[in-house]
Amino acid sequence: MEVEVVDRIVKRNGQVVPYDGTKIVLAIEKSFLSVKESVDQAYLSDLLEQIEAQFDGRQEVDVEEIQDTVEKILMKNEKYNVAKSYILYREKRTQMRNDRLELVKLIGDEELENVLVDIQKTYPDYDLKRLYEKFSTMSKEGQSLKDRITLLTRSSAELTTKEEPNWERIAGRLLSYSIASDLRATEEKLGLTSFYQKISYMIEQGLYGAYILENYSHKEVDEIATLIDNTRNNLFTYSGLDLLSQRYLIRSHQHVLLESPQEMYIGIAMHLAMKETNNRIGWVKKFYDMMSLHKVTMATPTQANARKPYHQLSSCFIDTVPDSLDGIYHSISNFADVSKFGGGMGMYLGKVRSRGGSIRGFEGASGGVIRWIRVINDTAVAVDQLGVRAGAVAVYLDVWHKDLPEFLQLRTNNGDDRMKAHDVFPAVCYPDLFWKMVKEDMNQDWYLLDPHDVLMVKGYCLEDFYGEEWEKRYWECVHDNRISKRVLVLKEVVRLILKSMVETGTPFAFYRDAVNRANPNKHKGMIYSSNLCTEIAQNMSEVKQISRVIKTEDGDEVIVTTTKPGDYVVCNLASLCLGNINVKDPKEIEEVTATVVRALDNVIDLNFYPLPNAQVTNRKYRSIGLGVSGYHHMLAKNHIMWESEEHLKFVDKVFENIAYASIKASNTLAKERGSYQYFEGSEWESGAYFDARGYDSARWKELKEEVHATGMRNAYVLAVAPTSSTSILIGTSAGLDPVMNRFFLEEKKGSILPRTAPELSADTYWYYKTAHTIDQTWSVKAAGIRQRHIDQAQSFNLWITNDYKMSQLLQLYVLAYDCGVKTIYYTRSKALDPEDCESCSA
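As structure tokens, this is what we get:
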């Protein structure tokens, strides 16, 4: 006889839902598995039929009655252990429901139950009764509902320990609920019922770029709104979502939140896809997915400014400071403009004459680079980055420059305060010769020269050469008695460098010969230095004033200045989150990389440039910097110890796959959009780039031929930035760094909040060896292996303890030279807490 199956189920809260027999089967199957008893689907189907037969002819059944019947049928079939397991499971579910309802009652918000149900499903081992107790000890009478939910969120965060790290993620879900509730109330107050209406309102308020609705129709925006998936808010940790809310989401002029996390991501995606001509909505979806699924983070300026009126999307700029009064002030003025719109700066001062140098033939008239650096320092303080933080600038000087000793004391605690500049970040550019002599004998003399003196006597700029040619000319200058020299024992130079490193974490290191040898565009220029965070390595040249003439326009005399823009480097950055990508799957790497490379190429054309020089350079070279975050996260998830040969082999393969995917993506774009202006004559075109790196497998040979035939869209492709803030947003480890601690406490808004390493568990705990306990030789070797695959550089830190000797630190820098590392960022001593570079976060 055919049984008439139940149509509806009445839940305990009175809600009526459609009957679904598969849920009963799943619950029974779990009970079998819990007692380690195998069961096939045929038997489960038979049990379901027996259960359903008990309700023959009934359309509506209470959920409790169904569960009672399941127990009875299991007992009838003599499945006593299974029935016992089912009863215990049912009791646990009842207890969980009671805990949930008690918490809802305590807070006084019935809508909170849906969030708590979801939390219990995702984290069944986390007892809400503990959250209830924690909240109860902290709550006060008379608190508003908003204050109670805020306190509940904080209570969850404070339950976080290294044994129970997911309380922070539970706190993230509670914060997400709070944000959504506040936003919903604001939307109702403003009468905003659609995404299109919200964008229109924010444009009216001057908070959103009008260009968005100028490029997208009402119908397209409505279609795009359907792509928003708010369940992806569950991917945030509390710390990440709190940072996103405070720094990135759009707020009114009265600081009222107007944008949700997913609306932010879709808004950025709309900006980045704005000029796409084919399948534009499809590209919006791809850009949205890569960001909202936390597989990619765009640079801090892109994430903060895309979709806004002032859409300055680039992270960092690099200028070559000329050796002239007009040129120096022009560079400082450019730095002020960059800082005004939220960018960081790298400034190469190796061309500026030294202290005591001649001016117009008068010897000893020059004040040297230190005085100018002090002006740069004051500019950094005076012109902050959009009011968020002080301006950030790294100043680079060659290790053979006459002002080097004073330069190395800019931030140290000894010496003349009038020669200090504590708000800049010094960096030193080293030729191979320096490290060869250090390895050979540190008791040799090292000669410091004035670049202006060299130019006047020899007719060339020493800094314009590298490698063997530079070395030959350096010795020519040393042996030329017409050129004045400052002679120091090499050991003393090294001592000054190491002393500054230990005291201040700086100077950063720029291995200029390694950089220029690996430059795929050496046919068009020279790389003198890097940027604020040491990951960019692109052709540089100074801006030159051509003429200044008086003209008459509209009856008035005007002064027109004509300049040659030079190569004014701009960084367009993003990062692959290695902890959230299956790095063992080259296809996934290729797919995600192709999407983000396209987005970065779009940034070049969609950017608001604070300087026309930057725009000219950016569009000539179309350089991008794709990097990574979540490096240690990736190693821990894949059960790889940092201090191991397995680490070195693993990252060699991962970064080769990333290099292949990024070059292929740029080549594919070149077929569609054309190559960058200087592709012809580059090492991309000749194939020398591939040969130098030993890329000789079948896939590489095929790609090499494709690049030769059809070009590269971007002159430079890979650069690994520090990602200090953007990694917090997505709950991963920063850049290439090991974690500082598996578990630590952070002071925030007057309370102490626990933080944990990404996806910390018993399974990953021992793979998270902390930064200052790691043997740094493994880190340097890994950096050397990665560097082979990165056409630019890496924001790579060294982590040392107070027990480190100067000789040990020196050996790390020598090892970096031997391994072909291009740059070293901070030397992070355990006694120091050097400033993070957030303006360059990718």
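Each residue of the sequence shown is one higher than the one before, counting from 1 in full-length UniProt numbering.
We put the CB at the ideal spot given by N, CA and C, even for glycine.
Predicted, not measured: the structure shown is a model, and the values here were computed from it.
Rounded distance between the beta-carbons of residue j and residue i, thought under 8 Å
{"i": "L498", "j": "L810", "result": "6 Å"}
{"i": "I73", "j": "Y123", "result": "Going by Cβ atoms, the distance from I73 to Y123 rounds to 31 Å, so no, they are not a contact pair."}
{"i": "Q545", "j": "I527", "result": "That belief does not hold up - the Cβ atoms of Q545 and I527 are roughly 23 Å apart, past 8 Å."}
{"i": "R173", "j": "V115", "result": "6 Å"}
{"i": "P504", "j": "R411", "result": "Reading off the sequence, residue 504 comes out as Thr, not Pro. About 4 Å separates the two Cβ atoms, so the contact holds."}
{"i": "I604", "j": "Y716", "result": "The pair is not a contact, with the Cβ atoms about 12 Å apart (cut-off 8 Å)."}
{"i": "G711", "j": "N667", "result": "7 Å"}
{"i": "T506", "j": "F425", "result": "6 Å"}
{"i": "Q792", "j": "G820", "result": "13 Å between Cβ atoms; not a contact."}
{"i": "E91", "j": "V104", "result": "E91 to V104, Cβ: 20 Å. No contact."}
{"i": "G343", "j": "S366", "result": "In fact, because the Cβ distance is near 30 Å, the residues do not count as touching under 8 Å."}
Status (buried if at least 16 other CB within 10 Å, exposed otherwise) for residue i
{"i": "T552", "result": "exposed"}
{"i": "M138", "result": "exposed"}
{"i": "P828", "result": "Note that residue 828 is Arg in the sequence shown, not Pro. Burial call: buried."}
{"i": "A382", "result": "exposed"}
{"i": "H255", "result": "exposed"}
{"i": "I559", "result": "exposed"}
{"i": "V549", "result": "exposed"}
{"i": "H218", "result": "exposed"}
{"i": "Y826", "result": "buried"}
{"i": "V17", "result": "exposed"}
{"i": "G346", "result": "buried"}
{"i": "V6", "result": "buried"}
{"i": "G566", "result": "buried"}
{"i": "G368", "result": "buried"}
Option nearest residue i by Cα separation, candidates the options
{"i": "T777", "options": "E643, V549, N741", "result": "E643"}
{"i": "A661", "options": "V569, P610, I790, T710", "result": "I790"}
{"i": "L293", "options": "N233, A659, I268, E656", "result": "N233"}
{"i": "I640", "options": "V739, Q50, W766, M419", "result": "W766"}
{"i": "T379", "options": "L175, D46, H422", "result": "H422"}
{"i": "Y474", "options": "A719, I119, W400, S725", "result": "W400"}
{"i": "I824", "options": "T617, A782, G555", "result": "A782"}
{"i": "G674", "options": "R755, K704, R619", "result": "R619"}
{"i": "L325", "options": "M419, K146, R371", "result": "R371"}
{"i": "I800", "options": "P738, W684, V707", "result": "P738"}
{"i": "S795", "options": "A83, Q808, F510, F743", "result": "F510"}
{"i": "M290", "options": "Q808, N580, D585", "result": "N580"}
{"i": "Y348", "options": "P322, S333, H330", "result": "P322"}
Beta-ladder partner(s) of residue i, from DSSP
{"i": "E553", "result": "D556"}
{"i": "I824", "result": "A509"}
{"i": "P18", "result": "R8"}
{"i": "W446", "result": "L488"}
{"i": "Y396", "result": "Y348, A427"}
{"i": "H401", "result": "L449"}
{"i": "A574", "result": "M298, L626"}
{"i": "Q197", "result": "According to DSSP, Q197 bridges with nothing at all."}
{"i": "M526", "result": "M540"}
{"i": "E759", "result": "According to DSSP, which records beta bridges pairwise, E759 is partnered with nothing at all."}
{"i": "E60", "result": "R8"}
Residue i - DSSP class collapsed to helix/strand/coil
{"i": "W642", "result": "coil"}
{"i": "M298", "result": "strand"}
{"i": "residue 860", "result": "Here the chain comprises residues numbered 1 to 842, so residue 860 is not present and cannot be evaluated."}
{"i": "E835", "result": "For E835, the predicted model reports a pLDDT of 39, less than 50, meaning its position is unreliable; a value from the coordinates is still stated below. The answer is coil: DSSP assigns E835 none of H, G, I, E or B."}
{"i": "I318", "result": "strand"}
{"i": "C477", "result": "helix"}
{"i": "Q717", "result": "Checking the sequence, you will find Val at residue 717 rather than Gln. In the structure shown, V717 sits in coil (DSSP, three-state: anything other than H, G, I, E or B)."}
{"i": "G784", "result": "helix"}
{"i": "G357", "result": "coil"}
{"i": "T160", "result": "coil"}
{"i": "D417", "result": "helix"}
{"i": "C840", "result": "Note that C840 scores a pLDDT of 45, beneath 50, so its modelled location is shaky and nothing firm can be said."}
{"i": "L192", "result": "coil"}
{"i": "M1", "result": "Here the model assigns M1 a pLDDT of 42, short of 50, so the residue's position is not dependable, and the following value carries that caveat. Residue state, collapsed to three classes: coil."}
{"i": "V221", "result": "helix"}
{"i": "L257", "result": "strand"}
{"i": "Q677", "result": "coil"}
{"i": "S500", "result": "helix"}
{"i": "K587", "result": "helix"}
{"i": "L798", "result": "strand"}
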